[in-house]
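Have a look at the structure below before the remarks.
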């Protein structure tokens, strides 16, 4: 049996997830800028900071991937939101038709209820598939951010070994770490919205 | 759905419009939101078809608990047919709308939201620390109709007045007032029924200090375009269907 989540909570949840990811993608753009800045500094420092080159390139790549993924999740959330509202409308229609059925013995009403239920189930199945997809993409971003924080530590350690660029590079590593943490928090909030939906009746 | 911050000081005004996901044959609408402290007012929240886009867009800026008030300038479906859905997602909210339309608007579903009918003379509403005024615009076009004025931001939300019929991808702001008049002419002549009501509204609105006028369809008026519009509207003969 396919689980049917509350249509009202589904509509709210998908909109909340879209909101969290909208904010996360804004921070991912800042992360991308910080990564580009670090690339520029590393380039300027030349062979003295050769070890940081690979790390800064990794950051830049990670930031771009995060932006892309956050935008994809935003699109999925919006599609889920439309689906949730459509399901809500179908549910309301079925409720009204059931009331109608109590007042008439016309078979047409039963046929309409049957057809509406079929449409409702179809949307429900699609909805459940998309929710799972959303969860998986959120986990992917979360992993990116965990990786980003680990690499930020290596970046900071490497930066300590440079002389004239040390302060600047350390600050950059701190920024990247802070941005990654903020993104991770939005993703966690988005996941907790979904968890609440999945636990709802 | 496109979202833009129009005013940002101690409180904020946003516009939400040009929804690319809306069904093609329904008229494009502009929705607005005032945020002040922990409260907000969504003005003419729109039809049922754009509900999901509206909710998603609003939650990019504020959490759901902060959607505390709705305003419907009148009873039309493109203004408030989404009420039955808002009623479920923000059950503690208040709806401010012409009191005359209560029995009609409740047909959209209003079991939880508190219905606050505005008297014909208008009134005020405090959102957070911001006081907004309800400006009567009766018979323009609806028999009980209000606009919203913010004296601090100097913004007038003008409902269907200033509306234009335009393609989905048009700009949010007027670029050339003269060419824009062509897009507003038929709408005002056919939808607005009364020259007397028009003059009554103009007399009232000319006393307000307005820097931005926000219609529910079409483009936003800024600076001198507001006065240009008021002059243009004054000279326009409305209620033309009576001559057909």
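Protein chains in written order, with this note's numbering: chain A, 206 to 406; chain B, 339 to 582.
Ideal placement from N, C-alpha and C gives every residue a C-beta, glycine not left out.
Here the structure is a predicted model, which is why all the values come from computation and not from measurement.
Euclidean distance between Cα positions of residue i and residue j
i: residue 321 of chain A; j: residue 434 of chain B; result: 35 Å
i: residue 259 of chain A; j: residue 296 of chain A; result: 54 Å
i: residue 364 of chain B; j: residue 419 of chain B; result: 13 Å
i: residue 445 of chain B; j: residue 537 of chain B; result: 32 Å
i: residue 246 of chain A; j: residue 272 of chain A; result: 23 Å
i: residue 212 of chain A; j: residue 287 of chain A; result: 11 Å
i: residue 414 of chain A; j: residue 236 of chain A; result: A query on residue 414 of chain A cannot be resolved here, the shown segment of chain A reaching from 206 to 406 and no further.
i: residue 225 of chain A; j: residue 511 of chain B; result: 29 Å
i: residue 507 of chain B; j: residue 497 of chain B; result: 20 Å
i: residue 552 of chain B; j: residue 377 of chain B; result: 21 Å
i: residue 400 of chain A; j: residue 460 of chain B; result: 45 Å
i: residue 579 of chain B; j: residue 477 of chain B; result: 15 Å
i: residue 521 of chain B; j: residue 222 of chain A; result: 38 Å
i: residue 337 of chain A; j: residue 362 of chain A; result: 38 Å
i: residue 397 of chain A; j: residue 232 of chain A; result: 20 Å
i: residue 389 of chain B; j: residue 248 of chain A; result: 49 Å
i: residue 446 of chain A; j: residue 345 of chain A; result: Examination of residue 446 of chain A is not possible in this model, given that chain A is present from 206 through 406 alone.
i: residue 331 of chain A; j: residue 251 of chain A; result: 52 Å
i: residue 528 of chain B; j: residue 389 of chain A; result: 53 Å
i: residue 581 of chain B; j: residue 471 of chain B; result: 36 Å
i: residue 385 of chain A; j: residue 364 of chain A; result: 19 Å
i: residue 328 of chain A; j: residue 291 of chain A; result: 8 Å
i: residue 574 of chain B; j: residue 513 of chain B; result: 21 Å
i: residue 372 of chain B; j: residue 352 of chain B; result: 7 Å
i: residue 323 of chain A; j: residue 313 of chain A; result: 15 Å
i: residue 407 of chain B; j: residue 431 of chain B; result: 5 Å
i: residue 240 of chain A; j: residue 429 of chain B; result: 44 Å
i: residue 346 of chain B; j: residue 495 of chain B; result: 16 Å
i: residue 426 of chain B; j: residue 340 of chain B; result: 25 Å
i: residue 492 of chain B; j: residue 449 of chain B; result: 35 Å
Range covered by the beta strand (DSSP E) that runs through residue i
i: residue 351 of chain B; result: 350–355
i: residue 407 of chain B; result: 407–409
i: residue 425 of chain B; result: First-last for residue 425 of chain B: 421–427, but that is the alpha helix (DSSP H), not the beta strand (DSSP E).
i: residue 346 of chain B; result: 340–346
i: residue 463 of chain B; result: 461–465
For residue i, the first and last residue of its enclosing alpha helix (DSSP H)
i: residue 474 of chain B; result: Taken as a continuous stretch (DSSP letters only), residue 474 of chain B belongs to no alpha helix (DSSP H), being part of the beta strand (DSSP E) at 468–474.
i: residue 223 of chain A; result: 212–250
i: residue 306 of chain A; result: 255–308
i: residue 395 of chain B; result: 389–396
i: residue 295 of chain B; result: As displayed, chain B neither begins before 339 nor continues past 582, which places residue 295 of chain B out of reach and without an answer.
i: residue 440 of chain B; result: 440–443
For residue i: DSSP bridge partner residues
i: residue 434 of chain B; result: B/409 and B/454
i: residue 373 of chain B; result: B/350 and B/378
i: residue 487 of chain B; result: B/471 and B/494
i: residue 511 of chain B; result: B/558
Per-residue burial, residue i [other beta carbons within 10 Å of its own, 16 or more giving buried]
i: residue 412 of chain B; result: buried
i: residue 405 of chain B; result: buried
i: residue 387 of chain B; result: buried
i: residue 483 of chain B; result: buried
i: residue 384 of chain B; result: buried
i: residue 343 of chain B; result: exposed
i: residue 469 of chain B; result: exposed
i: residue 452 of chain B; result: exposed
i: residue 474 of chain B; result: buried
i: residue 303 of chain A; result: exposed
i: residue 279 of chain A; result: buried
i: residue 517 of chain B; result: exposed
i: residue 284 of chain A; result: buried
i: residue 488 of chain B; result: buried
i: residue 208 of chain A; result: exposed
i: residue 442 of chain B; result: exposed
i: residue 404 of chain A; result: exposed
i: residue 307 of chain A; result: exposed
i: residue 543 of chain B; result: buried
i: residue 311 of chain A; result: exposed
i: residue 410 of chain B; result: buried
i: residue 369 of chain B; result: buried
i: residue 382 of chain A; result: buried
*Let me know the beta strand (DSSP E) ranges lying completely inside the region 526–560 of chain B, each 3 residues or longer, listed in chain order.*
550–553
_Contact list for the region 424–436 of chain B against chain C, Cβ threshold 8 Å_ = No chain C appears in the structure shown, which is made up of the protein chains A and B.
*Residue ranges of each alpha helix (DSSP H) run of no fewer than 4 residues wholly in the region 324–406 of chain A, ordered along the chain?*
371–404
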